[in-house]
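Just below is one structure, and these are the notes that go with it.
Number of protein chains: 2
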Amino acid sequence: MSDIEGVAPGEAVSVDVVAFGPDGLVPAVVVDEDDQVLMLAYMDAEALRRTLRDGRTWFYSRSRRTYWAKGETSGAVQEVRSVTTDCDGDALLVRVRQRGVGACHTGAWSCFMHPVLGQS
Amino acid sequence: MSDIEGVAPGEAVSVDVVAFGPDGLVPAVVVDEDDQVLMLAYMDAEALRRTLRDGRTWFYSRSRRTYWAKGETSGAVQEVRSVTTDCDGDALLVRVRQRGVGACHTGAWSCFMHPVLGQS
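Here the protein sequences come in this chain order: Z and B. Using the UniProt record's numbering, read the first sequence as starting at 1 and increasing by one per residue. Using the UniProt record's numbering, read the second sequence as starting at 1 and increasing by one per residue.
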């Protein structure tokens, strides 16, 4: 049963509004409840459907060519609060309640950690 | 002259830490100073170099196959405060001071506006 903002329990949701790319994917920006950007990963229609169905984030791994449920092994589950597309439908913004130590496999809260600096 | 956080005026910056994709691009998530996600667009190495050089966002348009300077015609310029990569270097987080009416071509502050809801 979905606990997603604006989705009544059992309400059908559609992924038709999303403009998946030629590879079937869209980038999904995951933010926490304080709007901090946690990570960016990719969803196809099936990953988005699973996310909406389970109320937890599912992604599609481009390198491993498989679906993965965030936090399945680490416990760092992302409980989905809302999913929004942008003006042309080719990107997703997923607001979550982040569980566990954080979103990053390094143990950090956010994956975004490396300043783009240095000598060219 | 750059006004980017952590970059001394005239300091050389490098894009070598970024893992551009097979198409030469990385997604760039643009957030404002309150961390609200404004938009997602793509940069290649040249767009990132221009962004770091000018302190204003440059992107690469996949559909038009050309560079574009955000706000060049609209005035909705994005003054860059910081640029960060994620743990595996294949996504960028760009913090900006958004000028003008907002980031979206519709006139909205953020491009993320459409809930993923409806009947499937």
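All residues carry an ideal CB built from backbone N, CA and C; glycine is no exception.
Nonlocal neighbours in the same chain, by C-beta distance under 7 angstroms from residue i, ignoring five residues either side
| i | result |
| --- | --- |
| residue 36 (chain B) | 110 |
| residue 71 (chain Z) | 77, 78, 99, 100 |
Cβ-based neighbour list, residue i, same chain, cut-off 6 angstroms, excluding 5 preceding and 5 following
| i | result |
| --- | --- |
| residue 119 (chain Z) | A caution first: residue 119 (chain Z) carries a pLDDT of 30, below 50, which makes its placement in the model unreliable, though a value can still be read off. Taken in chain order, the list of residues that qualify is empty. |
| residue 108 (chain B) | 102 |
Of the residues the options, the one placed nearest residue i, counting alpha carbons only
| i | options | result |
| --- | --- | --- |
| residue 27 (chain B) | B:69, B:115, B:61 | B:61 |
| residue 24 (chain B) | B:44, B:77, B:74, B:34 | B:44 |
| residue 63 (chain B) | Z:90, Z:64, Z:80, Z:68 | Z:90 |
| residue 73 (chain Z) | Z:105, Z:53, Z:46 | Z:105 |
| residue 42 (chain Z) | Z:33, Z:34, Z:53, Z:93 | Z:93 |
For residue i, the three-state DSSP class (helix, strand or coil)
| i | result |
| --- | --- |
| residue 45 (chain Z) | helix |
| residue 19 (chain Z) | coil |
| residue 116 (chain Z) | coil |
| residue 1 (chain Z) | Model confidence at residue 1 (chain Z) stands at a pLDDT of 42, short of 50, so the residue's coordinates are unreliable; what they give is reported in the following sentence. Here residue 1 (chain Z) sits in coil by DSSP. |
Contacts around residue i, its chain only, beta-carbon distance under 8 angstroms, and the 5 residues preceding and following it disregarded
| i | result |
| --- | --- |
| residue 122 (chain B) | Because chain B in this structure spans residues 1 to 120, residue 122 (chain B) falls outside the shown range and cannot be described. |
Sub-7 angstroms separation of residue i and residue j beta-carbons
| i | j | result |
| --- | --- | --- |
| residue 51 (chain B) | residue 57 (chain B) | yes |
| residue 86 (chain B) | residue 112 (chain Z) | yes |
| residue 115 (chain B) | residue 84 (chain Z) | yes |
| residue 15 (chain B) | residue 48 (chain B) | yes |
| residue 80 (chain B) | residue 102 (chain B) | no |
| residue 40 (chain Z) | residue 31 (chain Z) | no |
| residue 33 (chain B) | residue 97 (chain B) | yes |
Proximity test, Cβ basis, 7 angstroms: residue i and chain A
| i | result |
| --- | --- |
| residue 29 (chain Z) | No chain A appears in this structure, whose protein chains are Z and B. |
Ordered list of alpha helix (DSSP H) runs contained in the UniProt domain "Phosphoribosyl-AMP cyclohydrolase" (39-112) of chain B, each at least 4 residues: The UniProt domain "Phosphoribosyl-AMP cyclohydrolase" (39-112) of chain B contains these whole alpha helix (DSSP H) runs: 45-54.
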